[in-house]
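Notes follow the structure.
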Amino acid sequence: MPTVFASTEDALSMTQNSTQPTVAIAGGGLAGLAAACALAESRFRVTLFERRPYLGGRASSYQHPGTGEVVDNCQHVLFRLCTNLVEFYCRIGVEEKIRWYDQMTFIEPGGRTSVMHASPIPAPLHTAPSFLKFPFLNAKDKFAISRAIAVLTLTSQPDTGQSFLSWCQRHGQTQNAIERFWKPILVSALSEDLDLISISYAAQVVRESMKSPAARHMGVPTIPLTDLYNRAGDYIRARSGEIRFRNSLETFSPDPTQVRIRVSEKEEAFDYLVLALPFDGLDRVLPQIPEAIPLRENLTHFEPCPITGIHLWFDRQITALDHAVLLDRTIQWLFHKSRLLVARGTVATDSSGSYIELVVSASKTLIDKSRAEIVDLALKEVREFFPAARAANLVKSTVIKEVHATYSPRPGIDAYRPPQATAWPRVFLAGDWTATGWPATMEGAVRSGYLAAESLTRSAGIKDSHFLAPDLPATGFMRFFG
Ligand SMILES: Cc1cc2nc3c(=O)[nH]c(=O)nc-3n(C[C@H](O)[C@H](O)[C@H](O)COP(=O)(O)OP(=O)(O)OC[C@H]3O[C@@H](n4cnc5c(N)ncnc54)[C@H](O)[C@@H]3O)c2cc1C
1 MPTVFASTED
11 ALSMTQNSTQ
21 PTVAIAGGGL
31 AGLAAACALA
41 ESRFRVTLFE
51 RRPYLGGRAS
61 SYQHPGTGEV
71 VDNCQHVLFR
81 LCTNLVEFYC
91 RIGVEEKIRW
101 YDQMTFIEPG
111 GRTSVMHASP
121 IPAPLHTAPS
131 FLKFPFLNAK
141 DKFAISRAIA
151 VLTLTSQPDT
161 GQSFLSWCQR
171 HGQTQNAIER
181 FWKPILVSAL
191 SEDLDLISIS
201 YAAQVVRESM
211 KSPAARHMGV
221 PTIPLTDLYN
231 RAGDYIRARS
241 GEIRFRNSLE
251 TFSPDPTQVR
261 IRVSEKEEAF
271 DYLVLALPFD
281 GLDRVLPQIP
291 EAIPLRENLT
301 HFEPCPITGI
311 HLWFDRQITA
321 LDHAVLLDRT
331 IQWLFHKSRL
341 LVARGTVATD
351 SSGSYIELVV
361 SASKTLIDKS
371 RAEIVDLALK
381 EVREFFPAAR
391 AANLVKSTVI
401 KEVHATYSPR
411 PGIDAYRPPQ
421 ATAWPRVFLA
431 GDWTATGWPA
441 TMEGAVRSGY
451 LAAESLTRSA
461 GIKDSHFLAP
471 DLPATGFMRF
481 FG
């Protein structure tokens with residue numbers, strides 16, 4: 001495993017002294033789980049408190065009452081460049097549950113498909129041959145996009161307060177390039193509209209994905225998300241940790257020698273506390289003391305962004321694709337769940353039928369629509385992209401609106417993302433919205449958990465503790481551009 005934990009000597013001396021430091025972790029999403037796994041492995045005695053009866057937080061699954069099916073709250077994907085998430089999967093033993101794809105299909109209304117894949121040409125030019133063949137972009141669009149990719153990849157793009165859309169307009173991007181290239185790539189990566197995305201976030205997505213051919217390999221879980229993350233629970237328990245479900249942190253009191261917490265009306269004391277809560281849940285638990293004021297103020301700058309998943313079960317196959325990017329319409333991605341989950345065999349109840357999930361990121365236009373309106377819209381659009389769907393009957397459907405899916409990566413927001421160490425030496429923050437250098441993703445959440453664990457172990461006097469995995473190495477010409 002790539003991660004180096006607190007030195008064995010330090011860890012052993014901790015257990016030999018038999019007073020293992022105790023850590024309370026509030027929040028069983030990826031940030032809390034990553035921190036808990038790292039600390040439990042380093043011989044801290046971890047107790048994780050999760051408000052809900054299951055793990056995974058915003059990346060979870062449950063038995064949907066209306067359909068009787070186990071559904072993910074939304075399809076989650078990762079890329080090989082998510083090195084900490086991949087390392088976390090290896091650590092908890094679920095790496096073989098991720099199926100990797102090295103190509104991405106774009107579909108236009110009417111059904112014409114174009115495939116982006118890597119060629120043997122060195123990075124960052126590896127996808128150029130397939131990109132240059134895209135029929136849905138003309139020569140002017142391609143020239144503008146290539147120039148923009150070169151600028152975003154090869155030069156540093158600090159947050160200047162401008163949005164990516166205004167950057168596009170100032171850098172000669174055609175309307176078609178914006179609508180059919182930048183929108184599909186960035187709105188789904190950052191879950192926000194282009195006029196609200198900071199240039200530094202957009203540049204990071206582009207630069208990271210151009211680093212090497214492997215960087216764009218897309219991973220899709222082949223089991224429900226909570227099954228995936230339950231394995232982190234097993235990992236923690238196997239290292240003397242404890243998980244307490246339906247336990248909500250109410251508040252805490254940071255004393256110099258311990259942290260007292262109130263959970264579900266009971267008080268307990270721990271040596272350390274990691275608050276791995278979403279930004280909109282943290283305010284509620286912060287104590288009413290002066291040191292909490294700057295953090296509270298930071299929280300007021302965060303805005304949530306919605307993502308909507310539309311789950312459709314058809315009586316027959318409507319496409320042979322596992323996934324696709326859909327252009328020019330409301331729905332942005334299709335995931336063919338009955339193909340992705342086929343090894344498990346729990347979702348495709350009828351082998352001739354198919355289960356599709358459609359994803360709309362930054363789905364502000366859907367928030368006020370009813371479930372029936374959204375299903376009608378999705379069906380209409382699916383039938384435009386996939387002619388086979390026109391004859392198919394919809395067996396059942398559901399819509400899951402995640403109104404607080406991610407934080408909006410707006411210009412200026414990085415200044416308000418707090419580090420994992422806080423004003424209180426025994427209290428640490430984790431969560432995709434804390435300062436990680438990454439946007440609101442599973443990778444960002446795991447990074448934040450590892451950073452919190454690094455900060456905590458340093459504070460506990462353990463030298464050389466290092467949890468973060470190294471970034472994916474650049475290959476080809478990208479090696480010369482750091
Ligand atoms: C619809 C949707 C689609 C997404 N798609 C992708 C994707 O494709 N790829 C990707 O990388 N990322 C995706 N994301 C983002 C990703 O899910 C998040 O960035 C990540 O899961 C956040 O993890 P976290 O641990 O920081 O927060 P959370 O997952 O929110 O975890 C916080 C946990 O704290 C618990 N909690 C809250 N209050 C308390 C309390 N007082 N006491 C105890 N527990 C409490 C919550 O129940 C929750 O379990 C998506 C998110 C959504 C919602």
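So for the sequence shown, the working numbering puts the first residue at 1; every next one is plus one.
Even glycine gets a Cβ: it sits at the ideal position worked out from N, Cα and C.
Please read all numbers here as calculations on a predicted model, not as lab measurements.
Residue of the options minimising C-alpha distance to residue i
i	options	result
Arg410	Ala139, Val220, Glu208, Thr160	Thr160
Gly57	Gln157, Gly281, Gly27	Gly27
Ala440	Ala378, Phe143, Arg216, Ala362	Ala362
Val220	Asp102, Pro387, Gly172	Asp102
Gly437	Pro306, Tyr416, Ile178	Tyr416
Ser200	Leu429, Arg458, Ile413	Ile413
Thr330	Asn298, Glu443, His336, Ile367	Ile367
Leu312	Ala40, Ser163, Phe44, Thr67	Thr67
Ile121	Ala320, Pro213, Ser352	Pro213
Cys37	Asp471, Thr475, Leu472, Phe467	Phe467
Asp471	Asn84, Val427, Cys90	Asn84
Thr22	Arg260, Ala392, Pro387	Arg260
Gln175	Trp433, Ala202, Ser60, Lys140	Lys140
Thr398	His76, Val71, Arg180	Val71
Tyr62	Ile185, Tyr229, Glu242	Tyr229
Where residue i falls, given that 16 or more other Cβ within 10 Å makes a residue buried
i	result
Cys74	buried
Trp100	exposed
Glu267	exposed
Val375	buried
Arg132	Reading the sequence as shown, one finds Leu at residue 132 and not Arg. So Leu132 counts as exposed.
Ala372	exposed
Gln420	buried
Gln332	buried
Val360	buried
Ser370	exposed
Met1	Any answer about Met1 is weak, because its pLDDT of 33 lies below 50 and its placement is not dependable; what the coordinates show is given next. Answer is exposed; the Cβ neighbour count stays below 16.
Val86	buried
Asp255	exposed
Thr15	Because the pLDDT of Thr15 is 40, which lies under 50, any placement of that residue in the model is unreliable, and the number read from its coordinates should be weighed accordingly. Exposed, by the Cβ-count rule.
Phe314	buried
Pro278	buried
Ser264	exposed
Asp432	buried
Pro306	buried
Val46	buried
Ser354	buried
Ser465	buried
Contact test: residue i Cβ vs ligand 1 heavy atom, cutoff 6 Å
i	result
Thr441	yes
Ala59	yes
Ile307	yes
Asp224	Asp is not the amino acid found at residue 224; the sequence shown has Pro there. Flag unset: Cβ of Pro224 not near ligand 1.
His311	no
Val77	yes
Pro278	yes
Cys37	no
Ala31	yes
Gly219	no
Gly437	no
Phe335	no
Gly498	Because the chain in this structure spans residues 1 to 482, residue 498 falls outside the shown range and cannot be described.
Glu485	What the structure shows of the chain is the stretch from 1 to 482, and residue 485 is not part of that stretch, so it cannot be assessed.
Asp432	yes
Ala445	yes
Glu357	no
Cys90	no
Phe49	yes
Leu249	yes
Glu402	yes
Arg52	yes
Gly281	yes
Ala232	no
Ala493	Lying outside 1 to 482, the shown extent of the chain, residue 493 is not represented and no answer is given.
Cys168	no
Within-7 Å CB hit, residue i to chain C
i	result
Asp464	This model lacks chain C altogether, as it is built from one protein chain only.
**OP:** At 4 residues or longer, and completely inside the segment 133–177: list those alpha helix (DSSP H) runs for me, N to C.
**Re:** Under the rule that a run must span 4 or more residues, the alpha helix (DSSP H) segments found entirely inside the segment 133–177 read 139–154, 164–170.
Original post:
Fully enclosed by the segment 350–423, which beta strand (DSSP E) runs are 3 residues long or longer?
Top reply: 354–361, 394–407
Original post:
For the segment 276–341, which segments carrying the beta strand (DSSP E) assignment without a break, of at least 3 residues, lie completely within its bounds, in sequence order?
Top reply: If we require 3 residues or more, the beta strand (DSSP E) runs fully inside the segment 276–341 come out as 304–314, 323–326, 333–335.
**OP:** Pick out the complete alpha helix (DSSP H) segments inside the segment 176–258, 4 residues or longer, and give them in chain order.
**Re:** Annotation note: the segment 176–258 contains the following uninterrupted alpha helix (DSSP H) runs of length 4 or greater, listed N- to C-terminal: 199–210, 225–237.
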